[in-house]
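Novice: Protein chains in written order, with the working numbering: chain A, 1 to 1007; chain B, 1 to 277.
1) Around the C-beta of residue 858(A), are 16 or more other C-beta atoms found within 10 angstroms, so that it is buried, or is it exposed?
2) Let me make sure I understand the geometry here. Which of 294(A), 616(A) and 751(A) has the alpha-carbon closest to that of residue 273(A)?
3) Please list the terminal residues of the continuous beta strand (DSSP E) segment that includes residue 80(A).
4) Kindly indicate which three-state DSSP category residue 44(A) falls into: helix, strand or coil?
5) Just to confirm, are residue 577(A) and residue 506(A) a CB contact at a threshold of 7 Å?
6) In chain order, what residues of the same chain lie with their CB nearer than 8 Å to the CB of residue 710(A), ignoring the 5 residues before and after it?
7) Would you mind reading off the limits of the alpha helix (DSSP H) that contains residue 420(A)?
8) Give the straight-line distance between the Cα atoms of residue 572(A) and residue 539(A), rounded to the nearest whole angstrom.
9) Using the rule of at least 16 other Cβ atoms within 10 Å of the residue's Cβ for burial, across every protein chain shown, is residue 96(A) buried or exposed?
10) Using only the alpha-carbon positions, how far apart do residue 473(A) and residue 908(A) sit?
11) Between the stretch 90-103 of chain A and chain B, which residues of the former have CB atoms less than 9 Å from a CB of the latter, in chain order?
12) Let me know the secondary structure DSSP gives residue 951(A) once reduced to three states.
13) In terms of alpha-carbon separation, which member of 255(A), 295(A) and 298(A) lies closest to residue 279(A)?
14) Taking the straight line between their C-alpha atoms, what separation do you get for residue 55(A) and residue 512(A)?
15) Mind checking the stretch 148-163 of chain B against chain A and listing, in chain order, the residues whose C-beta falls within less than 7 Å of any C-beta there?
16) Could you say if the stretch 694-701 of chain A and the stretch 365-383 of chain A meet the contact criterion of at least three C-beta pairs nearer than 8 Å?
17) When you compare only the Cα positions, how much space is there between residue 38(A) and residue 923(A)?
18) In this structure, how does DSSP classify residue 468(A) when only helix, strand and coil are distinguished?
19) Rounded C-beta distance between residue 105(B) and residue 71(B)? I'm assuming under 8 Å.
20) For residue 119(B), go through chain A and note every residue whose CB falls closer than 8 Å to its CB, in chain order.
21) Assign residue 800(A) to buried or exposed, taking buried as 16 or more other Cβ atoms, counted over all protein chains shown, within 10 Å of its Cβ.
22) Among 830(A), 664(A), 238(A) and 23(A), which one has its Cα closest to the Cα of residue 195(A)?
23) Ignore the nearest five residues each way along the sequence and tell me which others in residue 343(A)'s own chain have a CB closer than 6 Å to its CB.
24) Which class does residue 770(A) belong to by DSSP, given the choice of helix, strand or coil?
25) Going along chain A, which residues have a C-beta under 8 Å from residue 133(B)?
26) Could you check which residue in 524(A), 931(A) and 390(A) has the C-alpha nearest to that of residue 336(B)?
27) Does DSSP classify residue 749(A) as helix, strand or coil?
28) In angstroms with no decimal places, state the Cα-to-Cα distance between residue 1008(A) and residue 259(A).
29) Please list the partners that residue 826(A) has in chain B, where partner means a Cβ-to-Cβ separation under 8 Å.
30) By alpha-carbon positions, which one of 810(A), 738(A) and 973(A) ends up nearest to residue 766(A)?
31) Do residue 669(A) and residue 686(A) count as a contact pair if the criterion is CB distance below 7 Å?
32) With burial defined as no fewer than 16 other Cβ atoms inside 10 Å of the residue's Cβ, what is the status of residue 162(A): buried or exposed?
33) Measuring only the C-alpha atoms, how far is residue 782(A) from residue 306(A)?
34) Is the Cβ-Cβ distance between residue 211(B) and residue 109(B) less than 7 Å?
35) Give the straight-line distance between the Cα atoms of residue 171(A) and residue 729(A), rounded to the nearest whole angstrom.
36) Ignore the nearest five residues each way along the sequence and tell me which others in residue 3(B)'s own chain have a CB closer than 6 Å to its CB.
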């Protein structure tokens, strides 16, 4: 091989300018490790492996890479910036390098040249660090535990003495060079054991129950004959086994939800077989509701659900998680997650335009100081996922209008990253219903967007396993929102020109899933893998087939449209390639340079695979030994109240919401933050997706996993109830509310050694599913979309070399969406005018089980909050009416922390005092215990805090006649206090609103 | 009435084009979203337009300094077309990523009639993060900028990671004395932010949020006028509405009471061109 020239260009900010990246490193080094850095400067390095002359290199340096106003740079020689230590951070081979790709695109365009095969660009960074007492071990900590992740990056440390002023960090580049001729293998499967062994070796994660079915197919005489005659194959190929592994994975096939559960209730002796939770509790109620609600357009089959927005437009919604990759590499996992979920609406129906996104982060205790070690500390992990969703969302040009972050020790085993996406599409495109699509024989299979590399291989099967030391790290990747945004814009134009018949995204399983599933419709396909554009040479056929390289869509194009499709693709600088053809042969036929490497019946996957089986044993909380705590009346309510506001799960997370562009697209109506200082979280967000229309789309999410400590049934009902109430509070309505369920559950397959409480967790899942159906039918909420992510468990390293399994709480993130007819009637939660009346709607009960208050006290309790659907519905309808009549000045759904926290939010948001008499709060004593702390902090569902103008009192009370509704106080002046009168008629809390806000804002403000 | 035609650039990671087109239409113009490559391939020509908009977004991912690659690409392929577009007296507005692009193209600040030199920059926010926040802007009444005529203050959102305005102090002095500084970050009374975060959200020198060229026909700003196209875009609109109601106002007419400042800025440009052509 001829050596290509390697050149380095270093760029840094001029010394007089603030280096914000370096400042953040200084701060984190101190916060994380107590290391004092005096000065730090960042140097960006661009390494070019290409035969370029000095004039070209200087042009690249001066025109592209250096801003003459703000930056200095150097070609070949390193910049001379003083340091005591220098840390270099570069990517590992094969990791997506977005800045390098855009540099390449710019250089080729501006210098009018084309990089030759083997030539390339690589970016890295070095940090020049000074500080009196800094030693090598400090640098190792910063390099290894702050600046890099060994899964994707490598680092070097140079002392001042070691530094070579001519060669700098050196010129090695992380080039992928696979000295490998692509091949496929036939694999012998003479016994179940042999196939099991192959599954283990290749990380196929085949379920042992599937193995005999797979073998009997390939050993069938007729099948063997046809495979031999047509394809010359005698045994299954590696590609075929990989295809089956992908398709049968829990991630793609939802084996858990389609499994067979033997559910037993210990207390009643009830034993019942639950066959297919999905059909019973999700599909059937959704179909039932679809028949009732004519606004439900398309559910249960496509990449996302479709609902009617107005006569001319439908909205699209779905939610995903990206847990396992984010736990390995927080930034990469999260950016890939958000960019990935954005492809779902793009691949729903004939494709929609993205209009909003949201996030939900569940991580371990933010200040965890204990002995257990996760792959990434909760704090570092949170920093990474925040940044990943930021880059992914902002660079996609999609507003991130809602999000929540919560902390619980259970998430140290596996943190959760929820990402949700909404799109909008015309109800009809080129005279076709936009939510319908199909593939037909003769149409061409086109792959658009990114190229294929080794990244992401076995991502799907990895997320279907408990995280262990052996999980392959290769599946971590970095999303590329830039490439995807170009593709998004291109595909919308192609859609409107009617240039394609079918579209779907490449997510988990890559082409294997997208082509495999879309070919089911035409009943067959022939794929030419040698046509698939690669990032680098040397991939085996099976790798091309299952690679999860991002930013790709699979599209079906009629031959007569292909020329225009390709022309448009070029115009948008998007790579598109014909990689095969849909057929009706009944076969999945894959070739490479004409030679067959897979030949499987399309319907093979439907045939005879056994259901997964689970034992589920329910032990009611009282029998598990849970009781109400013995807790006397607190005396110092003011300190208690302030401590509640400062709890990590209550306090301000403004710093996260501000990093997300929540207003791009110009339709922001209710933002994620509201109030006079724009810092209080809104109950829900509202956007105006069609700018010419007065209609809006309200969106909320709820996460209350703590209740699963007592009973996942009520966790589910309360979570959905809260999501619905949040929508109602801003002006949404039950009639048009649709939902998205995102289950995150620990492993439920019992094993006496590795999962001894598996039967209980399985029972929690069954109960949660029952609650899901019950709630959806009671509130008439069709489930527009949903996903399940099982195995949210992890092994943490302990102090003595042991490892301990930590499972996350059984978690549901429920998203709710509603169409608002007139956005001008929307409501925010801030108290508006002094003198307004403060009402509480809905009964409070002694329901502190698993509440924030009990958690503060270190207790769990037993009195779980319960949803009373019929009573709540009446209140919700009445509030809808009151908002429609525009007599509500502010509304807040009472949630975590109860009425106490809710009143504080209403007051802080308005910058106004509030006086409230606890004795007037509607209370139901069926569970006893009318006490000040219970009234303040009980988390009974179904409640709101609203304020109204005094002159609206009569009409308001008439609307709520017969419901639990009471005026409990009034709004006070600016800069006044939150004054709460206890049952003993004495004021128990009298705190200036400014102090509340200071306390609530402080805990995480420093991040 | 004469139709003013506005071209809004799209493609390569740009966004904000849909709402910018909508906002210009509210301002009375005909707006077309045109892919950068369509200008380069001459499928579309600047000659048919009166206002050119460099909009918000992340062109080329902004990986090598915001707006840098976009500026190079345009200069390389249609630099002369843009210069002759200016010479004809047409208008250019650059918003956020578009402002970043204009300064990298050298179209701003255009000192000494040099529309190619890079003499000012927009660099990383001092806070170290991308930030979405509404700001108060004080408008320089003596500025020649045609887009801000009749506007003395405005509230608009900023949404950027690289919005800190930086230049040599001599350049800043010249911009100030020639009244090319159009917008400054301010407090709610219109007083200069004096660098105080978060009033000045990014650490811009002299609180500069937007500048124009000496003719006032090329305008660049970090805040997003197109994001204030409807009164419900304002973060405190529900409070304003409630206050208005208590004063006996008719809330049904809220949206027609005042033109959102974002639209006003665009309308100034459209009206100016209507008088010009």
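Idealized CB from N, CA, C, for every residue including glycine.
Specialist: So, from the listed chains and residues:
1) On the first chain, position 858 is the one that residue 858(A) refers to. With fewer than 16 Cβ atoms within 10 Å of its Cβ, residue 858(A) is classed as exposed.
2) Translated into positions along the first chain, residue 273(A) becomes position 273. Checked all of 294(A), 616(A) and 751(A); the closest Cα to residue 273(A) is 616(A).
3) As a position in the first chain, residue 80(A) is number 80, starting the count at 1. From DSSP, residue 80(A) is part of no beta strand (DSSP E); its letter is neither H nor E.
4) Here the question's residue 44(A) lines up with position 44 in the first chain. Strand at residue 44(A).
5) Reading the first chain from its first residue, position 577 is the one you call residue 577(A). Reading the first chain from its first residue, position 506 is the one you call residue 506(A). Result no, Cβ atoms of residue 577(A) and residue 506(A) do not sit closer than 7 Å.
6) Position 710 of the first chain, counted from the first residue, corresponds to residue 710(A). Cβ neighbours of residue 710(A) beyond the five flanking positions: 621, 626, 849, 850, 860, 861, 862 and 864.
7) Taking the first residue of the first chain as 1, we reach residue 420(A) at position 420. Premise fails: residue 420(A) lies in the beta strand (DSSP E), 416-426, not in any alpha helix (DSSP H).
8) By one-based count along the first chain, residue 572(A) stands at place 572. By one-based count along the first chain, residue 539(A) stands at place 539. So the two alpha carbons sit approximately 28 Å from each other.
9) For the purposes of this step, residue 96(A) is taken as the residue at position 96 of the first chain. Buried.
10) Along the first chain, one-based indexing puts residue 473(A) at 473. Along the first chain, one-based indexing puts residue 908(A) at 908. Since pLDDT at residue 473(A) reaches only 44, below the 50 mark, its modelled position is unreliable, and no value is offered.
11) 98, 99, 100, 101, 102 and 103
12) Your numbering for residue 951(A) matches position 951 in the first chain. Residue 951(A) falls in the helix class under three-state DSSP.
13) What you label residue 279(A) is simply residue 279 of the first chain in a count that begins at 1. Measuring from the Cα of residue 279(A), the nearest candidate turns out to be 255(A).
14) Your numbering for residue 55(A) matches position 55 in the first chain. Your numbering for residue 512(A) matches position 512 in the first chain. Rounded to whole angstroms, residue 55(A) to residue 512(A) spans 46 Å at the Cα level.
15) 157 and 159
16) no
17) The residue labelled residue 38(A) in the question sits at position 38 within the first chain. The residue labelled residue 923(A) in the question sits at position 923 within the first chain. Distance between the alpha carbons of residue 38(A) and residue 923(A) is about 58 Å.
18) Start at 1 with the first residue of the first chain, and residue 468(A) comes out as number 468. Only weak support is given to the placement of residue 468(A): the predicted model assigns it a pLDDT of 44, under 50, and the value that follows is read from those uncertain coordinates. Residue 468(A): coil per DSSP, three-state reduction.
19) As a first step, residue 105(B) must be located in the second chain, where it is residue number 105. As a first step, residue 71(B) must be located in the second chain, where it is residue number 71. Their Cβ separation, rounded to whole angstroms, is 4 Å, which keeps residue 105(B) and residue 71(B) in contact under 8 Å.
20) Locating residue 119(B) in the second chain gives position 119, where the first residue counts as 1. Correct list: 69.
21) The residue you call residue 800(A) lines up with position 800 of the first chain. Exposed, because fewer than 16 other Cβ atoms sit within 10 Å of the Cβ of residue 800(A).
22) Residue mapping note: residue 195(A) aligns to position 195 of the first chain, counting from 1. Answer by Cα proximity: 238(A).
23) Taking the first residue of the first chain as position 1, residue 343(A) is located at position 343. Excluding positions up to five away in sequence, the list reads 505.
24) Taking the first residue of the first chain as 1, we reach residue 770(A) at position 770. Residue 770(A) falls in the helix class under three-state DSSP.
25) As a first step, residue 133(B) must be located in the second chain, where it is residue number 133. Per Cβ cutoff of 8 Å: 658 and 678.
26) Outside the displayed span of chain B (1 to 277) sits residue 336(B), for which this structure offers no information.
27) Residue 749(A) sits at position 749 when you count from the first residue of the first chain. Reduced to three states, the DSSP call for residue 749(A) is coil.
28) Absent from the structure is residue 1008(A), since the part of chain A shown begins at 1 and ends at 1007.
29) Translated into the one-based positions of the first chain, residue 826(A) becomes position 826. Those are 232 and 238, listed as they occur along chain B.
30) As a first step, residue 766(A) must be located in the first chain, where it is residue number 766. Residue 766(A) has its Cα closest to that of 810(A), out of 810(A), 738(A) and 973(A).
31) Counted from its first residue, the first chain places residue 686(A) at position 686. Counted from its first residue, the first chain places residue 669(A) at position 669. Yes; because the gap between Cβ atoms is below 7 Å, this pair is in contact.
32) Position 162 of the first chain holds residue 162(A). Looking at its Cβ environment, which holds fewer than 16 other Cβ atoms inside 10 Å, residue 162(A) is exposed.
33) In the first chain, the residue the question calls residue 782(A) occupies position 782. In the first chain, the residue the question calls residue 306(A) occupies position 306. Spanning the two alpha carbons is a distance of roughly 11 Å.
34) Taking the first residue of the second chain as 1, we reach residue 211(B) at position 211. Taking the first residue of the second chain as 1, we reach residue 109(B) at position 109. Going by C-beta atoms, residue 211(B) is nearer than 7 Å to residue 109(B).
35) The sequence position of residue 171(A) within the first chain is 171, counting from 1. The sequence position of residue 729(A) within the first chain is 729, counting from 1. Approximately 59 Å between the Cα atoms of the pair.
36) Position 3 of the second chain, counted from the start, is the residue given in the question as residue 3(B). If we look at residue 3(B) and ignore the five residues flanking it on each side, its Cβ neighbours are 30.
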